[in-house]
Structures are given as C-alpha cells and as structure tokens.
Amino acid sequence: MTRILTAAALLTLAFSAHAADPERWKDPKPNLPDLSVRFIQREPRFKGTKVDWINLDEPNGNKGNPASSPIVNAKEQKWPKKGQEVTFTAHVRNAGPVATPRFDWYWVIDGKDVTGPAANGWVESLAPGEEKSFIIKWRWKTGRHWVAFETNRGRKFDEITFKNNALCDATDALSFAFFVQPQLYDWFANVKSGFDSYSWDDWAQYQVAEMNRTFRDEIHPATPNGIDVRVRLDRIEFLPRDFNDPGGMHTP
Numbered sequence: 015m016t017r018i019l020t021a022a023a024l025l026t027l028a029f030s031a032h033a034a035d036p037e038r039w040k041d042p043k044p045n046l047p048d049l050s051v052r053f054i055q056r057e058p059r060f061k062g063t064k065v066d067w068i069n070l071d072e073p074n075g076n077k078g079n080p081a082s083s084p085i086v087n088a089k090e091q092k093w094p095k096k097g098q099e100v101t102f103t104a105h106v107r108n109a110g111p112v113a114t115p116r117f118d119w120y121w122v123i124d125g126k127d128v129t130g131p132a133a134n135g136w137v138e139s140l141a142p143g144e145e146k147s148f149i150i151k152w153r154w155k156t157g158r159h160w161v162a163f164e165t166n167r168g169r170k171f172d173e174i175t176f177k178n179n180a181l182c183d184a185t186d187a188l189s190f191a192f193f194v195q196p197q198l199y200d201w202f203a204n205v206k207s208g209f210d211s212y213s214w215d216d217w218a219q220y221q222v223a224e225m226n227r228t229f230r231d232e233i234h235p236a237t238p239n240g241i242d243v244r245v246r247l248d249r250i251e252f253l254p255r256d257f258n259d260p261g262g263m264h265t266p
C-alpha cells in the first residue's frame, strides 16, 4: 500500500504541474510499450437505488419536494453480504505502439500482496493494443478495504509512463460505467492524457482520480474530514460507431 500511496502523492503533484503546461497534450507519443490497468470490475453486481421522482412541473402547480420522492427498491440487495464470494477482474492493456517485454503482476489487498496461484505471476508479452484479464476471488468484508492491481513492479523496463501501472480502488466505492465510441477511443491514442499516457482508459481513470481527490480535499465546517465517499470505474463499454445521442455528442 505504501507504493500505491506514494504513486497517489506523485499524481497529485502532477495535477498542478499539468495546469501550468496546457499544450502538453500535443507531445508526440514515444516509441515504447505502456502497460495500463484500465479498470477493476467487481462481480456480482447489484441494481442501484431506484427513485420514483416527484414531478415538480405539473400543470396544476404541484411543486412537491424531491427529497420526499420514494425509493422503490429499498429492500433489494445493493452490496455483497459479509462472507459472500466476489470476483475482481483487472483489465490490463498495452497502450503503447510496441510490444511489452515479459512483465510481472500482483494483486494487493489492504496493502499486502495476496498469496496463491492466482495472486501474482508473469506474462510473456502484450502486443500493441492487446489486453489481458486477471481474476481473483475474495470473501467480502464490510467497511472500507482496498483492492489493487500492479504491473511491472520495480520498473524492470522503460514505458511511456509508469503512472498507469497500478490501480487501487476502495471496495465500498460507488461504481461508474463509462461508455465511449470507438472513434473517440482511437483519437485518444495520439493525445497525451493527464497520466502522461496516450489512452482513453487512462483519461477516464484521471476523471475518477480527480473526483476522489476533490472529495478528500473538501474540508469545511460541515465536512471537517472531507467527503468520505469514494468512486471507482467498474465497467467500460464501447458504443456503436454510428451512435448518435439526441442530446448531442461530446466528441472532438
């Protein structure tokens, strides 16, 4: 966990440095491999809270109170039960233009390397754009715990960046699903992200990291310890290339 926290501190410093160099996203991509932990998904998944929202704009003037809108699935299970087996899957991709050398990988929970045949190992190589998944089982514990996945420990070979080699999620974090069109995903392959990589996945994780940093730093009289909620990216889905949202698309 010390390694993960150190990396988080370095990323925090990097955020402020990036603001001083707004043109850095145009930097050409180095001819190096780049191991990127895209996201860690957890299964089983459960339905989120469903609210029957009160209409505040009824013609007869009913203004209502949104806070009084009833939750219609309050009795449905929304989190794993204590002792229930869950599956974590780390998705790792080579976001660089050349193949990786042989690399090591590790599952880490609450700052300690997990032991066992599925807890760590070696991969011979990943070609450019190739992805590999790594699975581990865990008995659910209540409260906040930390699950992490790490690659190329000790920086055994050079990469475009090392800032995307590890990912650490709070187990009680609220989960996101991000959706992206393939052409936008491809566009990011030549645009430098906040993590100094050339990957839409890392751009997405940058948004999540910034949210968590903001929550942590919201120190006010009402939140003297910051906002305790954490978020994580649980799923990335590709939309059809011809997808056209009626509300407009946020694409370059």
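Counting from 1, position 232 in the sequence shown corresponds to residue 246 in the numbering used here; the numbering is continuous, with no gaps. Built from N, CA and C at the ideal position, the CB exists for glycine as well.
CA-to-CA distance, residue j to residue i, given in whole angstroms
i, j, result
"D48", "E99", "32 Å"
"T16", "W201", "Per-residue confidence for T16 stands at a pLDDT of 41, beneath the threshold of 50, marking its modelled position as unreliable; the derived number appears in the next sentence. Rounded to the nearest angstrom, the two C-alpha atoms are 35 Å apart."
"V51", "K92", "26 Å"
"F257", "P238", "44 Å"
"V65", "S83", "7 Å"
"A88", "F60", "12 Å"
"G157", "A218", "26 Å"
"T185", "E37", "36 Å"
"D9", "N45", "Outside the shown range of the chain, which is 15 to 266, sits residue 9, and nothing can be said about it."
"D35", "D216", "19 Å"
Own chain, CB closer than 8 Å to residue i, minus 5 neighbours either side, in chain order
i, result
"Q55", "F102, T103, H105, D248 and R249"
"D259", "none"
"E138", "R116"
Selected residue, minimal CA-CA separation from residue i, among the options
i, options, result
"P115", "D124, D127 and L140", "L140"
"Q271", "A203, H234, P235 and A191", "Residue 271 lies beyond the range of the chain shown here (15 to 266); nothing can be said about it."
"S147", "G135, S83 and N87", "G135"
"C182", "T175, D127 and F171", "D127"
"I268", "W214, I85 and P238", "Within the shown structure, residues of the chain are numbered from 15 to 266, placing residue 268 beyond reach of any answer."
"G97", "E90, G130, Y199 and R153", "R153"
"W119", "D35, D242, A180 and K155", "A180"
"V112", "A218, K95, F171 and N87", "F171"
"F8", "V205, W214 and G110", "Not covered by the structure: residue 8. The range shown for the chain is 15 to 266."
"Y212", "R167, L198 and P94", "L198"
"K40", "T165, A223 and V205", "V205"
"K155", "S207, A203, K95 and G130", "K95"
"K43", "N178, N166, T165 and S207", "S207"
"N178", "D210, G130 and S189", "D210"
"G110", "I174, E90, G130 and S189", "I174"
"A223", "D35, F53 and N45", "F53"
Sequence-distant residues of the same chain with beta carbon closer than 7 Å to residue i, five excluded per side
i, result
"P196", "F252 and R255"
"N108", "P47, D48, L49, T114, L140, A141, P142, G143 and E144"
"W121", "V128, A133, N134, I150 and F163"
"G240", "F229, R230, D231, E232 and I233"
"R169", "F176"
"G130", "none"
"R167", "D118 and Y120"
"A236", "none"
"S189", "R246 and D248"
First and last residue of the uninterrupted alpha helix (DSSP H) at residue i
i, result
"T228", "W214 to D231"
Cβ neighbours of residue i in the same chain (closer than 6 Å, five flanking residues each side left out)
i, result
"N226", "R244"
"D124", "H159 and W160"
"A187", "R244, V245 and R246"
"E57", "T101"
Strand pairing of residue i, partner residues [DSSP]
i, result
"Q55", "T103"
"V65", "I85"
"E145", "R107"
"S207", "Paired residues: none, contrary to the question."
"F163", "W121 and L181"
"I150", "F102"
"L46", "Answer by DSSP bridge pairing: none, since L46 is not bridged."
"T237", "H234"
"D127", "V122"
Where the beta strand (DSSP E) through residue i begins and ends
i, result
"L188", "L188 to V194"
"G135", "N134 to V137"
"T156", "Here T156 belongs to no beta strand (DSSP E), and DSSP marks it neither H nor E."
"E251", "V245 to F252"
"E119", "Checking the displayed sequence, the identity of residue 119 turns out to be Trp instead of Glu. W119 -> beta strand (DSSP E) spans F117 to I123."
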